[in-house]
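There are 4 protein chains.
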Amino acid sequence: MNSFGTIFRISVFGESHGPAVGVTMDGCPHGIALSEEDLLPDLERRKSGAKGTTPRTETDSPEFISGVHNGHTTGAPLTVIFRNGNVRSADYDSLKDMPRPGHADLTARVKFKGFNDPRGGGHFSGRLTVCLVAAGAIAKKVCEGISIRAKLVEAGGLTDVDAAIDAALTAGDSIGGIIECRATGIPAGLGEPFFNSVESVISHLAFSIPAIKGIEFGSGFGAARTRGSVHNDSIIARSGKTSTNNAGGINGGITNGNELIVRIAVKPTSSIGLPQRTVNMSTGALETLVVLGRHDVCIALRVPVVAEAITAIALADLLLQKRD
Amino acid sequence: MNSFGTIFRISVFGESHGPAVGVTMDGCPHGIALSEEDLLPDLERRKSGAKGTTPRTETDSPEFISGVHNGHTTGAPLTVIFRNGNVRSADYDSLKDMPRPGHADLTARVKFKGFNDPRGGGHFSGRLTVCLVAAGAIAKKVCEGISIRAKLVEAGGLTDVDAAIDAALTAGDSIGGIIECRATGIPAGLGEPFFNSVESVISHLAFSIPAIKGIEFGSGFGAARTRGSVHNDSIIARSGKTSTNNAGGINGGITNGNELIVRIAVKPTSSIGLPQRTVNMSTGALETLVVLGRHDVCIALRVPVVAEAITAIALADLLLQKRD
Amino acid sequence: MNSFGTIFRISVFGESHGPAVGVTMDGCPHGIALSEEDLLPDLERRKSGAKGTTPRTETDSPEFISGVHNGHTTGAPLTVIFRNGNVRSADYDSLKDMPRPGHADLTARVKFKGFNDPRGGGHFSGRLTVCLVAAGAIAKKVCEGISIRAKLVEAGGLTDVDAAIDAALTAGDSIGGIIECRATGIPAGLGEPFFNSVESVISHLAFSIPAIKGIEFGSGFGAARTRGSVHNDSIIARSGKTSTNNAGGINGGITNGNELIVRIAVKPTSSIGLPQRTVNMSTGALETLVVLGRHDVCIALRVPVVAEAITAIALADLLLQKRD
Amino acid sequence: MNSFGTIFRISVFGESHGPAVGVTMDGCPHGIALSEEDLLPDLERRKSGAKGTTPRTETDSPEFISGVHNGHTTGAPLTVIFRNGNVRSADYDSLKDMPRPGHADLTARVKFKGFNDPRGGGHFSGRLTVCLVAAGAIAKKVCEGISIRAKLVEAGGLTDVDAAIDAALTAGDSIGGIIECRATGIPAGLGEPFFNSVESVISHLAFSIPAIKGIEFGSGFGAARTRGSVHNDSIIARSGKTSTNNAGGINGGITNGNELIVRIAVKPTSSIGLPQRTVNMSTGALETLVVLGRHDVCIALRVPVVAEAITAIALADLLLQKRD
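Protein chains in written order, with the working numbering: chain G, 80 to 403; chain D, 80 to 403; chain H, 80 to 403; chain U, 80 to 403.
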């Protein structure tokens, strides 16, 4: 299943080194002013090039295939594709039998019996997050009145992200990080009591982002270490406003009108320049692998806009399910 | 949406003080030996009564309504209901206008415009997890050859769970905890590259359990604080076996054949005997609320079997999607 | 899949001779006044007892399990069950190896490898339509302002239904019939351009009714024999009102505000008292089968209220997807 | 919803005069040999140009965007697009306020509040069936061992299709027709007892084809006019083979191993050269409309390959749900 959503439903397709990657949004409301340029600011934030990201930049030019007419969404499925630029697929031939530790090389090979496109990670590539960002930029327009903002709050165990990246660069290694996403202006009452709780929907989307290892809402894992008398948020207004926000804006799976707070843990970039041990799938021998090329030292640097995107996609779908 | 799944699809229904709660499993394979007694061991583990749980016990007697014939599943939808026992609903009238901090009282009222059944938390009650446990016990049978086992690894911030509970009992307060669930014997290749990653499916289900604030796989939030050279698991056999297991058994959203490791954070029980501040919804005045009755000091004590259940449900659905 | 719908989602469960049959409605709006008595008029119309139907009557007593509180829907899943009355299952043992022509005996056996409950047709029984009728009675309340009415317009090839039934009774045979369902008061704009066209949704539901062999909208099969200049309905008002209604209220899969017209073809009751040829599945021998008991001469007599039900269910779901 | 399917899931997108139309197949098995050329024979059959079809031909060149690598399907989503050729959109400006009788002009306008792309029918255009044909050609490969073949069995009320078309050409009018699709080699046991009956799935897809007014299986509407003793198909072998095939290969919603027979009714092409009456949506005045250009006299001529496509899509999805 490469689709998700009930009313605002998104599907992604494409491989890293294929002709293009793309996303179809079904159920996007008609009449939203939209141009390809509107997607550029968020796409720019996802791009590499800054310190700690790979110097290999991609041109992320969105091309509307359907669903937009006269500068507005039509209500029909909206498809955006991104042509893949010049790629050097030859690099991957030598890796074909050497699954990189931490990557999906081996699981993709097993699942698809070797028929998967292995070039650049194929359909498992982080490249696909460009689709999420495009969909997120449009979802943000559906979430009128809601402000969503994510940032990297910790990298390599340090809140001084810059220092952490410098240290990793020196070591020739990679580091992980934690993204915090906050959203205000959300009406109370979104979400469902059971399987479509707000946390269920957001976490489902979050774990489709490559490299995510954990997610927490409000007090999160800290809640497990607190007492109820401290953790319960006192309600101080009929609007549902609370004095503290350990709930992170959600009770019983339903938004309570307070700020939504979600944090996601990003593992260190799997691609590193240091030698690693893996198995040669054709011979069975254990070998040392050195992955050449230039990689993101801290892929988490590029994830905040993706976190905003999946939050916006989730909220858009929940908003469109709201009646009255 | 109170349903989840692609092939093995479960739906829950019922309110805490209504006639019954129940679960329908659609897509359960035919020919599985099954009796109501088979569900009792897991149901027993969820029950209260032990130290740290409420002394008010429920009779959890499963009743098959459909889908079982001659001691085997038929392949038609399998519905199990649990009649609700004697309940004292009068207690809830006084709470009607006083939403309890940390509960879904206020969000349920807003979402359903006051038409929700507020007695015992209604459809938002932890009572509904009995349905998950029943479905999980059946899902475990679908997951033949897979062993799933969860335990409470930390409560109130201590690994000495017993000591933590004693302290909370003395304080008249409640505490949270962390559950770790591990599963072995899972074939490589389950899950989908994008929206139906193994983590997406499990987390979606996990956040339908009341009181869950976070989830992590393998190294989880710890991954954000490590370096890639440490985090990447060396592959040491063509089977995909790795030397370490920071991945928690999943790469690129697909199982890799190693042990699945998932941890979930449970907040402290919201119902506590101590006075709390809330708003009177009819007058708007801030008031002090004391919730009477006996409650679970640490609801996390009862969650391990629920964590196993949702893991089994997720794996059963993914297994049934596997071909060859 | 025993579930259908996007927002107003229904699931059925149960076997003819099991403890009960039932239906869960997920996504039913809160605040609808509802009692079990409200379902009785439609349930009564489905019952047997009249000329041409079996004299063996069932007690169809709906029992709300969830989703109704203080005489109103709560917004949580609404489950209704019907306990099965005294059934004589012994009758079916002799049929176990003799699949009845025209029934699902053989296909059920093949699909579920003999684990299906064969008694009374099990999950394939027409008994299950009581669930559709219950859901339909509730869906009609969701379809406020819409009037839905179906009738048997032809039986055994005659518009004089009474004469047709008398003839079939005399012959000891069974006959089929055609039901026409019309609905007025439907707003224009329901349905989706492609896979969820109004016709797609209604036909999907209609073919879950046992014994249905065909469906047509507006001019239906007659359209294939007409010319465009005759068939196109002239538009005579900005509301979309047309002079004729060959479209049956739908253009491009979307309601146009005119009367919805749908007709379904019901085959003759498969259970007849006359001797029939079938294969003995254990010996492979061809044998003559005589099905004892009393049967509906014309099951189509009982289908109009079921046709209304599935139309109401479809419209309720489409209405709840409409925004603005 | 512009998606359909459980495992083999297809989504369509695009407008007639937009950059392209396309289809994404999710859940297509890996390892199927596939090239763009493989789609051409079926695409050719859908094309216009023959007597009775419009002389305005489109170039239907399929372009794989994803899901194919080294001449085989990868198992990841497979997207095919068809660039739209030179279109003369200016023609449609004059029609903007004059909804054509029999078309979706008015319902599209109402549903999408005028934001729909009206050029060439936009997303409602028959052009979209090229996507179904492409998906069908791939689905046929999934349906290994199954032969699916459809033909036009009646046009304008005549089985002599040629004579009917000549008459319509002379009259400057359009005619409808009936397509019969037959499939052999289908294993018994496909389909679900209730909402996903084989008929439900096929009819759901069939009514997404523009201009379809009815569908019937096996004896179809004729069943309503027969007696049970004639209609029931005698079972003559343990394989489920029957002497007659009034069931059309389906009992209780499940395939029985006999030939699948389905017929669909296609209305006369709505676009005709004769003057028609409609309402001017901006003035409210009733006016006479003459639609210029050259149209299909009998669009049903181009539907057989589309009928095969939706049958193949339905069967592929049902086959992939079959276990063992």
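Every residue gets a Cβ at the ideal spot worked out from N, C-alpha and C, and that includes glycine.
These numbers come from a predicted model, not from an experiment.
- Query: Exposed or buried, which one is G:Val309 when buried takes at least 16 other CB atoms within 10 Å?
  - Reply: Within the first sequence, residue 309 of chain G is the residue found at index 230, counting from 1. Label assigned to G:Val309: exposed.
- To the nearest whole angstrom, what separates the beta carbons of H:Thr186 and U:Gly331, a pair I think is in contact under 8 Å? Reading the third sequence from its first residue, position 107 is the one you call residue 186 of chain H. Reading the fourth sequence from its first residue, position 252 is the one you call residue 331 of chain U. Right, their Cβ atoms sit about 5 Å apart.
- Can you name the residues that DSSP bridges to D:Pro134? Here residue 134 of chain D refers to the residue found at position 55 when the second sequence is read from its first residue. Bridge partners of D:Pro134: none, in fact.
- Task: Kindly indicate which three-state DSSP category D:Cys260 falls into: helix, strand or coil?
- Result: If you number the second sequence from 1, residue 260 of chain D lands on position 181. The answer is strand: DSSP assigns D:Cys260 an E or B state.
- H:Ala155 touches chain G at which residues, Cβ-Cβ below 7 Å? Taking the third sequence and counting its residues from 1, the one referred to as residue 155 of chain H is at position 76. By Cβ distance, chain G contributes Pro272.
- Could you tell me which residues DSSP pairs with H:Lys344 in its beta bridges? Taking the first residue of the third sequence as 1, we reach residue 344 of chain H at position 265. It should be pointed out that residue 344 of chain H corresponds to Ala in this sequence rather than to Lys. According to DSSP, which records beta bridges pairwise, H:Ala344 is partnered with H:Ile257 and H:Gly293.
- Query: Which one of G:Ser276, G:Ala391, G:Ile258 and G:Ala388 has the shortest CA to CA distance from G:Thr334?
  - Reply: Stepping through the first sequence from its first residue, residue 334 of chain G is reached at position 255. The option with the nearest alpha carbon to G:Thr334 is G:Ser276.
- Item | Option nearest G:Ala129 by Cα separation, candidates G:Ser322, G:Asn337 and G:Leu248 | Within the first sequence, the letter at position 50 stands for residue 129 of chain G. Nearest C-alpha to G:Ala129: G:Leu248.
- How many Å lie between H:Ser318 and H:Ala218 at the Cα? Walking along the third sequence from the start, residue 318 of chain H turns up at place 239. Walking along the third sequence from the start, residue 218 of chain H turns up at place 139. Distance between the alpha carbons of H:Ser318 and H:Ala218 is about 26 Å.
- Message: Using C-beta distances below 6 Å, list every residue in its chain close to H:Cys107, excluding the 5 sequence neighbours before and after it, in chain order.
- Response: Mapped onto the third sequence, residue 107 of chain H falls at position 28. Closer than 6 Å at Cβ, skipping near neighbours: Thr152 and Leu157.
- Beta-carbon proximity of U:Lys320 to H:Ala302, cut-off 8 Å: Residue 320 of chain U sits at position 241 when you count from the first residue of the fourth sequence. Residue 302 of chain H sits at position 223 when you count from the first residue of the third sequence. Result no, Cβ atoms of U:Lys320 and H:Ala302 do not sit closer than 8 Å.
- Task: Residues of the segment 309-323 of chain G with a CB closer than 7 Å to any CB of chain D: list them in chain order, please.
- Result: His310, Asn311, Asp312, Ser313, Ile314, Ile315, Ala316, Arg317 and Gly319
- Please name the residue, chosen from D:Gly251, D:Val100 and D:Ala216, that lies closest to D:Gly199 on a Cα-to-Cα basis. Here residue 199 of chain D corresponds to residue number 120 of the second sequence, with the count starting at 1. The candidate whose alpha carbon is nearest that of D:Gly199 is D:Val100.
- Measure the beta-carbon distance from U:Val209 to U:Ile288 and round it to whole angstroms, keeping in mind my assumption that it falls under 8 Å. Here residue 209 of chain U refers to the residue found at position 130 when the fourth sequence is read from its first residue. Here residue 288 of chain U refers to the residue found at position 209 when the fourth sequence is read from its first residue. Their Cβ separation, rounded to whole angstroms, is 12 Å, which puts U:Val209 and U:Ile288 out of contact at 8 Å.
- Query: What are the uninterrupted segments assigned as beta strand (DSSP E) that are 3 or more residues long and contained completely in the segment 200-288 of chain D, given in chain order?
  - Reply: 226-234 and 256-263
- Query: When Cβ atoms are compared, which residues of the segment 106-137 of chain U fall closer than 8 Å to chain G?
  - Reply: Gly106, His109 and Gly110
- Measuring CA to CA, which of G:Gly150, G:Phe191, G:Ile86 and G:Arg179 is closest to D:Arg402? Stepping through the second sequence from its first residue, residue 402 of chain D is reached at position 323. Of the listed residues, the one whose Cα sits closest to D:Arg402 is G:Phe191.
- U:Ser114, buried or exposed, once every other Cβ within 10 Å from all chains shown has been counted against 16: Looking up residue 114 of chain U in the fourth sequence gives position 35. Burial call: exposed.
- Query: Since G:Gly327 and G:Leu339 are thought to touch, with beta carbons under 8 Å apart, how far apart are those beta carbons, to the nearest angstrom?
  - Reply: For the purposes of this step, residue 327 of chain G is taken as residue 248 along the first sequence, with counting starting at 1. For the purposes of this step, residue 339 of chain G is taken as residue 260 along the first sequence, with counting starting at 1. Yes, G:Gly327 and G:Leu339 are in contact; Cβ-Cβ is about 6 Å, under 8 Å.
- For G:Arg261, which residues in chain D fall below 8 Å Cβ to Cβ? Against the first sequence, residue 261 of chain G aligns to sequence position 182. Per Cβ cutoff of 8 Å: no residues; G:Arg261 is ~16 Å from chain D at best.
- Take the Cβ of U:Pro354 as the centre, count every other Cβ of all protein chains shown within 10 Å, and call the residue buried at 16 or more, exposed below. For the purposes of this step, residue 354 of chain U is identified with residue 275 of the fourth sequence, where counting begins at 1. Counting Cβ neighbours within 10 Å, U:Pro354 comes out exposed, since fewer than 16 surround it.
- Which whole runs of the alpha helix (DSSP H) in the segment 291-372 of chain G are 4 residues long or more, in chain order? 307-310
- Distance, G:Asn311 Cα to H:Gly224 Cα: Here residue 224 of chain H is taken as the residue at index 145 of the third sequence, counted from 1. Here residue 311 of chain G is taken as the residue at index 232 of the first sequence, counted from 1. In a straight line, the C-alpha of H:Gly224 is about 45 Å away from that of G:Asn311.
- Task: Tell me, please, whether the CB atom of U:His374 is closer than 8 Å to any CB atom in chain G?
- Result: Residue mapping note: residue 374 of chain U aligns to position 295 of the fourth sequence, counting from 1. No, no contact with chain G.
- Which value, in whole angstroms, describes the spacing of the CA atoms of U:Ala183 and H:Glu271? Position 104 of the fourth sequence, counted from the start, is the residue given in the question as residue 183 of chain U. Position 192 of the third sequence, counted from the start, is the residue given in the question as residue 271 of chain H. Approximately 11 Å, taken between the alpha carbons.
- Who are the neighbours of G:Thr85 on chain H, taking C-beta pairs under 9 Å? Translated into positions along the first sequence, residue 85 of chain G becomes position 6. Under the 9 Å cutoff, chain H gives Thr85 and Ile86.
- Would you say G:Thr305 and G:Ser298 are within 8 Å of each other, going by their C-beta atoms? The residue given as residue 305 of chain G occupies position 226 in the first sequence. The residue given as residue 298 of chain G occupies position 219 in the first sequence. Cβ atoms of G:Thr305 and G:Ser298: closer than 8 Å.
- Message: Whole angstroms are fine: how far does the CA of G:Ala316 sit from the CA of U:Leu284?
- Response: Position 205 of the fourth sequence, counting from 1, holds the residue named residue 284 of chain U. Position 237 of the first sequence, counting from 1, holds the residue named residue 316 of chain G. So the alpha carbons of these two residues sit roughly 51 Å apart.
- Query: Are there three or more Cβ pairs, one per stretch, closer than 8 Å when the segment 114-125 of chain U is compared with the segment 171-181 of chain U?
  - Reply: no
- Neighbour list for G:Ser145 in chain U, Cβ cutoff strictly below 8 Å: Indexing the first sequence from 1 puts residue 145 of chain G at position 66. Phe92, Gly93, Glu94, Gly97, Pro98, Ala99, Val100, Gly101 and His202, listed in chain order.
- Query: Can you tell me whether DSSP reads H:Pro108 as helix, strand or coil?
  - Reply: Locating residue 108 of chain H in the third sequence gives position 29, where the first residue counts as 1. If DSSP states are grouped into helix, strand and coil, H:Pro108 belongs with coil.
- Residues bridged to H:Gly150 [DSSP beta-bridge criterion]: Residue numbering aside, residue 150 of chain H sits at position 71 when the third sequence is read from its first letter. DSSP, once it has assigned bridges, lists no residue as partnering H:Gly150.
- Looking at the C-beta of H:Met80, does it have a partner C-beta in chain D at a distance below 8 Å? Within the third sequence, numbered from 1, the residue matching residue 80 of chain H stands at position 1. Closer than 8 Å: yes.
- Item | Status (buried if at least 16 other CB within 10 Å, exposed otherwise) for G:Thr238 | Along the first sequence, read from residue 1 onward, the residue named residue 238 of chain G stands at position 159. Exposed: under 16 other Cβ atoms inside 10 Å.
- Task: With a 10 Å radius around its C-beta and 16 neighbouring C-beta atoms as the bar for buried, classify H:Asn163 as buried or exposed.
- Result: The count along the third sequence starts at 1 and reaches residue 163 of chain H at position 84. With 16 or more other Cβ atoms within 10 Å, it is buried.
- Item | Limits of the alpha helix (DSSP H) - the one that H:Val384 falls within | Position 305 of the third sequence holds residue 384 of chain H. Start and end: Pro383 to Gln400.
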